[in-house]
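In what follows, a single structure is set out as structure tokens and then discussed.
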Ligand SMILES: [Zn+2]
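Numbering (our numbering), first residue to last: 69 to 704.
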């Protein structure tokens, strides 16, 4: 039952010290706090106000959640402190035991616990699915893969819960984390993973009977380095090294309840206030497992927490925030759920936790052409990536990262969604610039050909951004179909002969992120074979020459190669080293290919052409070392 915060309550609570009794040091006395530590008191008061506002409006849900009432997934890291034991033995509890604790949390916070059927019908109406899910983290703070468990051998023979006088407030006692040591590596414990991103659960051997303790959301901003939950080894999970009656994993359910801002159900004083509207006011804590309805104290059974108001059917001793045995607890209420969700809302103390949970990391610099963007995703949810707007595409998707490719200049909105989570950032992207300059020259390198051979020569030192060259004919915009392209700085283009027509070829450069840039152009005109005055050899490169070229011909076309600069026709007795192969094609003026074969370049090649229709053809010789010639031939 919720009361006004200003209602004066009398603190009668003290830690119960019965052996085999549940205990938890997470009692709060706000009246004393107001006197002893006014600043801390104000934080608690503010959070109550914030929570009340959230519950009344429920509009402050985290903007990170696609559905404010949808699942909140909590990445968990479990720190196991042991005594140099093998994993799975003694204090170095097994992964199965740890996972069993995660399972219990998920059952209890989703109201999937098997004993939910034991919730009395009178309370069934307020029983709640928290809609929280807990997962062992799969991504550590450095982005590396993890199973969500750290293990450390400690020199401490055991841990002891202790308090200390607050040095700043002599009247206040506070948890002495340094003395306890389990959260501090150099005190025999383990430093936490970032507490704004992970629920840290420390597991160790408490020799003073402590079952567990937690930290309050209202203390998170001032003490983030100790935020989390501590569980004694034998109360962790429900399998392995566990001890009855706290062997059902409910100690962690209870302590995580505190971490989610839940108070003890009796309000830590006689008929106190737990700030939850739908839990009955309860006289005190209960132990063991009372019989429903609990309407009066039963000292012999240590059922000290009956109802306070006769209008209530019973106290809610089966609530996870009482002190009853693990197998007796079975319910959270809707009011408790709302308190837990409030702290994750925008402006709430754990909003940063949620915001850091599934979030695209803003790159430190603008993306030029392509760039990798990383995702903080401690539970490795499967994200769906989208470019919402802007000149870019998703080039490839990796493990918690995506490669963006600019398609222009501007601001890009990148979004990732996984389940109920969404993250969005703005990126500035620019293509790799291509500057059109005179670094491209285009030469007619084979002036006596009926196929014009134009060569774009690019100074590599001047190249800024071009990764591909291509050519168009009579199209200075570069949008028509390319008539040739190359990946290198040196690209040849073979221009087909068109009688009597002057044409222009245009050379373009581009890259994956840039539209084509015109680099240069060359005007050419068809010249007839007979007007060519250059003598044979008609083509000769570094590796092969055409040395015999009967033209016109009717039956057989004989081609001789000169390998390695030596003419085999003139040196038949000399051993000629083969230097490569030549691809030979004959095609007509319509580009239809008639003959295609390959030849070693130390042999004469005799090509039968008698079956070809009479007419004009083109002979194309492409040598494996790079030489390339085209000749017009007449077959009569
Ligand atoms: Zn407690």
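Virtual Cβ for every residue (Gly too), placed ideally from N, Cα, C.
By alpha-carbon distance to residue 459, the top candidate from 448, 452, 474, 447 is 474. At least 8 angstroms separates the beta-carbon of residue 447 from that of residue 188.
Assignment of beta-bridge partners to residue 472 by DSSP yields 439, 462. Take residue 319, set aside five residues on each side of it, and the residues of its chain with a beta-carbon closer than 7 angstroms to its own are 279, 280, 299, 303, in chain order. Contact annotation, residue 257 with residue 270: C-beta distance approximately 7 angstroms; criterion of less than 8 angstroms satisfied. Looking at the DSSP output, residue 674 shares a beta bridge with 626. Between ligand 1 and residue 326, a heavy atom-to-CB distance of less than 7 angstroms is present. Around the beta carbon of residue 308, 16 or more other beta carbons sit within 10 angstroms, so the residue counts as buried. The segment 424 to 438 makes no contact with the segment 340 to 360, as fewer than three CB pairs between them are under 8 angstroms.
Straight-line spacing of the CA atoms in residue 146 and residue 166 works out to 8 angstroms. Residue pairing by DSSP places residue 656 opposite 685 in a beta bridge. For residue 383, the closest alpha carbon among the candidates 369, 368, 148, 364 is that of 364. Here the alpha carbon of residue 402 sits roughly 5 angstroms from the alpha carbon of residue 196. Remark: the C-beta of residue 94 is in contact range of ligand 1, defined as less than 7 angstroms to any heavy atom. CA-to-CA, the gap between residue 313 and residue 394 works out to about 6 angstroms.
Residue environment: residue 348 is assigned as buried (16 or more neighbouring CB atoms within 10 Å of its CB, all protein chains considered). One Cα belongs to residue 584, the other to residue 467, and the distance between them is close to 33 angstroms. A Cβ-Cβ contact shorter than 8 angstroms links residue 228 with residue 275. When DSSP states are grouped into helix, strand and coil, residue 247 belongs to the helix group. The Cβ-Cβ distance between residue 500 and residue 582 falls below 8 angstroms.
With fewer than 16 neighbouring CB atoms inside 10 Å of its own CB, residue 665 falls in the exposed class. Exclusion of the five residues before and after residue 377 leaves 349 as the residues of its chain whose Cβ lies within less than 6 angstroms of its Cβ. Relative to ligand 1, even the nearest heavy atom lies 7 angstroms or more away from the CB of residue 147. Residue 150 has its Cβ no nearer than 7 angstroms to any heavy atom of ligand 1.
Contact between residue 176 and residue 301 does not hold, since their C-beta atoms are separated by about 20 angstroms, which reaches or exceeds 8 angstroms. Minimum Cα-Cα distance from residue 588 among the listed residues 573, 580, 578 corresponds to 573. For the pair residue 206 and residue 219, the Cα-to-Cα distance works out to about 15 angstroms. In the three-state scheme derived from DSSP, where H, G and I count as helix and E and B as strand, residue 427 is classed as strand. Annotation: the continuous beta strand (DSSP E) that includes residue 143 extends over 140 to 150.
Going by DSSP, residue 299 is part of the beta strand (DSSP E) stretching over 297 to 300. Taking C-beta separations shorter than 7 angstroms and ignoring five residues to either side along the sequence, the partners of residue 233 in its chain run 241, following chain order.
DSSP links residue 452 through a beta bridge to 485. Counting only runs of 4+ residues, the alpha helix (DSSP H) found wholly inside the segment 196 to 280 occupies 245 to 248, in chain order.
For the set 96, 335, 440, 575, the Cα lying nearest the Cα of residue 534 is the one of 575. Per the C-alpha coordinates, the member of 476, 381, 485 positioned closest to residue 452 is 485.
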